[in-house]
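Working notes, beginning with the structure itself.
2 protein chains.
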Amino acid sequence: MPPGTRDALIDAATRLLDQGGVEAVTLREVGRLAGVSHNAPYKYFPSKEALLAAIAARELTARRDALDATSRRGLAPEAVVRSVMRQYIAWVLAHPARFKLIYGKWSIDSAELGEAAHAAQEKLVEIVAAAQDAEALPPGDPVRLAALIRALAHGAADLAAADHLAAGGKGHADPEDLVDDLLGYLRPGVPGRA
Amino acid sequence: MPPGTRDALIDAATRLLDQGGVEAVTLREVGRLAGVSHNAPYKYFPSKEALLAAIAARELTARRDALDATSRRGLAPEAVVRSVMRQYIAWVLAHPARFKLIYGKWSIDSAELGEAAHAAQEKLVEIVAAAQDAEALPPGDPVRLAALIRALAHGAADLAAADHLAAGGKGHADPEDLVDDLLGYLRPGVPGRA
DNA sequence: ACCTGAACACCGTTCAAGT
DNA sequence: ACCTGAACACCGTTCAAGT
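For the record, the sequence lines run as chains A and B.
Quick note on our numbering: the first sequence kicks off at 1 and runs consecutively.
Quick note on our numbering: the second sequence kicks off at 1 and runs consecutively.
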């Protein structure tokens, strides 16, 4: 079954999510796009939220694969870190509804979702640790430094997506600028930004 | 009219928001809590989303006032910055639904909401600029440095609220730790974290 | 000016029934 | 095993009507 009803449902729901946000994802419209009735999804997912969790898990796995691909490209360790942060921001701005969905509130907890998130997080820690080994990032707990870097990219992207970065929007501070600023401050042994 | 139906509606909606997230805010329940019918809100707000925007604007104004109060407390400039970041994180963790609402997707644009966001942002820039003047933060465009600091607090708090900080949740990296780490890296003239 | 009750189109979910 | 159509309770919004 190459298409597969289950995948067709996830595809349809993802399309609706991208086009109109999570509130545009109705089971009736998902069914219509997938060519089934509006309650066929209940054969594959116990609830609408479980369908949304499947979208989120699939997306997080794709993000982890993207991190993996970047880390294998043969770039210098610091370039990998910078590239990964830029990709994160580009992803949020390209698919804000997927981003909001993943980090929004969940009433159910999907093991698939939790594991996908964990895998992506671990990949980033590896990348940061490699940059530390090359002395391109300051020493210390790589989990903690990865969390710092990721939190900045996450916050900058979210504020940019919500149009709350540097109120007035003069391009005074794009999320990419903030990434560069942070990496500048993190450069080991070099005081300040210079 | 001390209570005032309009304020009673915002109060009721805020209570529902805090208790069950934005999806728990239904006009029927808002009306019931406020002691009016389920369509009385339409006399004060053109839509449900406009009522939500009023909540968001009120909250942003309260945040600005909190920033203002902290900056007038007579603390050293660096202590003000640290205190303000901790307050931001505490606010997100205490009222995640208000936070998600403010930075979520808006189909309408409320002038009140935009102005409240701008006022809060400007207050933070003032605080950062004062710390720069006291050489407690590195020099440069205060708007940009304020954006960096805020983006980190925003991202760390959002990831913590969504339980995505340092997957595994061992307290390896609390949002407050990340704030301290960033301020350490930003200390002018001192290389690294030491 | 402020509020109500009935009505409309829509939604998630359940269920009996079909193949 | 997989899917459908009818039904239920709920929702945002509109509207005619009341004071």
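Every residue gets a Cβ at the ideal spot worked out from N, C-alpha and C, and that includes glycine.
Rounded to the nearest angstrom, what separates residue i and residue j at their Cα positions?
i, j, result
"residue 252/A", "residue 14/A", "The shown model of chain A, from 1 to 194, leaves out residue 252/A, and the question about it has no answer."
"residue 95/A", "residue 112/B", "27 Å"
"residue 57/B", "residue 22/B", "15 Å"
"residue 194/B", "residue 184/B", "In this prediction, residue 194/B scores a pLDDT of 34, lower than 50, which makes its location untrustworthy; the coordinate-derived value is nonetheless stated afterwards. Distance between the alpha carbons of residue 194/B and residue 184/B: 8 Å."
"residue 133/B", "residue 105/A", "41 Å"
"residue 180/A", "residue 126/A", "20 Å"
"residue 5/B", "residue 114/A", "44 Å"
"residue 61/A", "residue 188/A", "32 Å"
"residue 1/A", "residue 12/A", "Below a pLDDT of 50, predicted positions are generally treated as unreliable, and residue 1/A, at 42, falls in that range; the measurement from the model is reported next regardless. Approximately 17 Å between the Cα atoms of the pair."
"residue 141/A", "residue 70/B", "32 Å"
"residue 124/A", "residue 174/A", "23 Å"
"residue 129/B", "residue 67/B", "14 Å"
"residue 195/A", "residue 36/B", "Missing from the structure shown is residue 195/A; chain A here goes from 1 to 194 and no further."
"residue 55/B", "residue 118/B", "16 Å"
"residue 166/A", "residue 87/A", "21 Å"
"residue 47/B", "residue 7/B", "16 Å"
"residue 147/B", "residue 90/B", "19 Å"
"residue 44/A", "residue 18/A", "22 Å"
"residue 144/B", "residue 162/B", "27 Å"
"residue 59/A", "residue 98/A", "8 Å"
"residue 154/A", "residue 32/A", "34 Å"
"residue 64/B", "residue 39/B", "32 Å"
"residue 178/A", "residue 156/A", "7 Å"
"residue 72/A", "residue 108/B", "44 Å"
"residue 16/A", "residue 131/B", "46 Å"
"residue 149/A", "residue 182/B", "10 Å"
"residue 110/A", "residue 52/A", "10 Å"
"residue 103/B", "residue 24/B", "18 Å"
"residue 164/A", "residue 158/B", "15 Å"
"residue 116/A", "residue 116/B", "37 Å"
"residue 74/B", "residue 74/A", "52 Å"
"residue 20/B", "residue 176/A", "35 Å"
"residue 197/A", "residue 172/B", "Past the boundaries of the shown model lies residue 197/A; chain A is included only from 1 to 194, so the question cannot be answered."
Mind listing the chain A neighbours of residue i? Cutoff is C-beta to C-beta under 9 Å, in chain order.
i, result
"residue 50/B", "Here the premise fails: no neighbours, minimum Cβ distance about 16 Å."
"residue 158/B", "103, 151, 154, 155 and 158"
"residue 185/B", "138, 148, 182, 185 and 186"
Find the residues of chain B that neighbour residue i, judging by a C-beta separation of less than 7 Å, and give them in chain order.
i, result
"residue 208/A", "Residue 208/A lies beyond the stretch modelled for chain A, which goes from 1 to 194, so this question has no answer here."
Taking C-beta pairs closer than 9 Å, name the residues in chain B that residue i reaches, listed in chain order.
i, result
"residue 144/A", "166, 172, 173, 177, 178 and 181"
Below 7 Å on C-beta distance, what does residue i contact in chain A?
i, result
"residue 148/B", "178, 181 and 182"
Would you kindly report the start and end of the unbroken alpha helix (DSSP H) that includes residue i?
i, result
"residue 108/A", "Neither: residue 108/A is in no alpha helix (DSSP H) and is coded neither H nor E."
"residue 15/A", "5-20"
"residue 70/B", "48-71"
"residue 160/B", "142-161"
"residue 94/B", "77-94"
"residue 187/B", "Counting along the chain, residue 187/B falls outside any alpha helix (DSSP H), and DSSP gives it neither H nor E."
"residue 29/B", "27-34"
Examine the ligand NAD and report whether any of its heavy atoms sits within less than 7 Å of the Cβ of residue i.
i, result
"residue 17/B", "Inclusion of the ligand NAD in the displayed structure is not the case, the ligand content being empty and no account of it being possible."
So which residues on chain B does residue i lean against when the C-beta distance must stay under 8 Å?
i, result
"residue 21/A", "105"
"residue 100/A", "104 and 105"
If residue i sits next to residue j, beta carbons under 8 Å apart, how far is it from one beta carbon to the other, in whole angstroms?
i, j, result
"residue 101/A", "residue 160/A", "Contact flag wrong, Cβ pair sits at about 18 Å."
"residue 152/A", "residue 152/B", "5 Å"
"residue 34/A", "residue 9/A", "5 Å"
Taking contact to mean at least 3 C-beta pairs separated by less than 8 Å, is the segment 134-144 of chain B in contact with the segment 63-79 of chain B? Yes, they touch.
Taking 8 Å as the cut-off, does the segment 83-91 of chain B touch the segment 22-39 of chain B (at least 3 CB pairs, one atom from each stretch)? A contact between stretches requires three or more CB pairs, one per stretch, nearer than 8 Å, and the segment 22-39 of chain B fails this requirement with the segment 83-91 of chain B.
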